[in-house]
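Position one of the sequence shown corresponds to residue 250 (the numbering used here), numbered consecutively onward.
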Amino acid sequence: MTAQDRINAYWTDRAPSYDEYQQRPDRLAVDQQAWSEVWKGALPPAPSDVLDVGTGSGQVAMVLAGLGHRVTGIDLAEGMLARARQHAAGMPNGPVIRRGDAVHPDFPPGSFDAVTSRYLMWTLREPEVAVANWVRLLRPGGTIAVVDSTWFPDGLDNASENFTDHYDPQVQAVLPLAAARSIDQTVAVLEAAGLAQVTVTQLTSIYELDRRFGVAPNHEHQMQFLITGRR
């Protein structure tokens, strides 16, 4: 198995519990509202053509479609894709979900007004190559908008089931941002791709929701960041 195969296998196995946590009823409505505000402020006005890379169970893609964007979500983990397709099928004008590699998205240049990702950068192989390819997909003036944090600044120590079995030394060796100690390392990747007006925003609304409702098992309460740049 390649490193990417191992990553795909982990997220496929985790897809049911991950999606159920994202959909938990006590937080779902306030989550959708908070994330709608985050993405609305980050992206061009709707309707725009948006590619959500590493879409996972489709939470971001669904929020973006709810804002009126024309959304395509791609991922390589079949378990996550199955969940995302279920959600998309139940929404009028929902996102199109398809299998695709976030590092090398298979679309013609200039296909999108924006490319988004959430919780992808840390587990992304070749992030410089990936972001350069995302920029290639943008129309002039288009936007890259990514959300992430420094989840493992002291190394990939995670107690969730099977995590270290899949995120073993072979995998860690190809993930340069996995143990990033500062969000500045992610910012530098966007800047190296030639994006203009690269900005970092602390997502205090999400931080407060995490404080109010708690965080996922084996996670810590910490600040998340929105990083944007324009072509």
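For glycine and all other residues, C-beta sits at the position ideal for the given N, C-alpha and C. Source: prediction; values computed, not measured.
Apart from the five residues just before and just after residue i, which ones in its own chain have a Cβ nearer than 7 Å to its Cβ?
i: V438; result: P376, E377 and V380
i: A283; result: S454, I455 and L458
i: H470; result: D459, R460 and V464
i: R480; result: V384, L387, P389, G390, G391 and L444
i: D350; result: L325
i: Q281; result: V312
i: Q434; result: L426
i: T279; result: Per the sequence shown, residue 279 should be read as Val rather than Thr. Counting only Cβ-Cβ distances below 7 Å, and skipping sequence neighbours, we find L458.
Below 8 Å on the Cβ atoms is my guess for residue i versus residue j; work out the distance and round it to an integer in Å.
i: T365; j: L330; result: In fact, because the Cβ distance is near 17 Å, the residues do not count as touching under 8 Å.
i: D254; j: N411; result: Contact flag wrong, Cβ pair sits at about 14 Å.
i: A429; j: T399; result: 5 Å
i: I256; j: T372; result: 6 Å
i: P354; j: I323; result: 6 Å
With C-beta atoms as the reference, is residue i less than 7 Å away from residue j?
i: L426; j: M370; result: yes
i: S360; j: L386; result: yes
i: L452; j: G478; result: no
i: I481; j: F401; result: With the chain covering 250 to 480 only, the question about residue 481 has no answer from this structure.
i: D298; j: R319; result: yes
i: L405; j: Q421; result: yes
i: A338; j: L292; result: no
i: R374; j: V423; result: yes
i: G315; j: A333; result: no
i: P344; j: A295; result: no
i: V531; j: A442; result: Because the chain in this structure spans residues 250 to 480, residue 531 falls outside the shown range and cannot be described.
Leaving out five residues on either side along the sequence, give the residues of the same chain with a beta carbon under 6 Å from the beta carbon of residue i.
i: Y259; result: H415
i: H234; result: In the structure as shown, the chain begins at 250 and stops at 480. Residue 234 is therefore absent and cannot be evaluated.
i: F356; result: L386
Put residue i into one of helix, strand or coil per three-state DSSP.
i: P354; result: coil
i: S266; result: helix
i: F401; result: coil
i: I323; result: strand
i: L386; result: helix
i: A394; result: strand
i: R482; result: Look at the range of the chain in this structure, 250 to 480, and you will see that residue 482 is not part of it.
i: Q253; result: helix
i: G443; result: coil
i: G478; result: strand
i: I346; result: strand
i: H335; result: Correcting the residue type first, residue 335 is Gln in the shown sequence and not His. Three-state DSSP puts Q335 in a helix.
i: T450; result: strand
i: D362; result: strand
i: V423; result: coil
i: L373; result: coil
i: D417; result: coil
i: L300; result: strand
Spatial neighbours of residue i within its chain, please: C-beta separation below 8 Å, excluding the five flanking residues on both sides.
i: M250; result: A258
i: E440; result: V447 and G478
i: R348; result: I323, D324, L325, E327 and L330
i: V287; result: V396, L452, S454, I455 and L475
i: R273; result: none
i: D275; result: F462
Verify the CB distance criterion: does residue i have a CB-CB separation below 7 Å to chain B?
i: H336; result: No chain B is part of this structure, which consists of one protein chain only.
Contact the region 314 to 329 vs the region 258 to 274: 3+ CB pairs below 8 Å: yes
Stretch-stretch touch, CB-based, cutoff 8 Å, three pairs: the region 385 to 399 with the region 456 to 470: no
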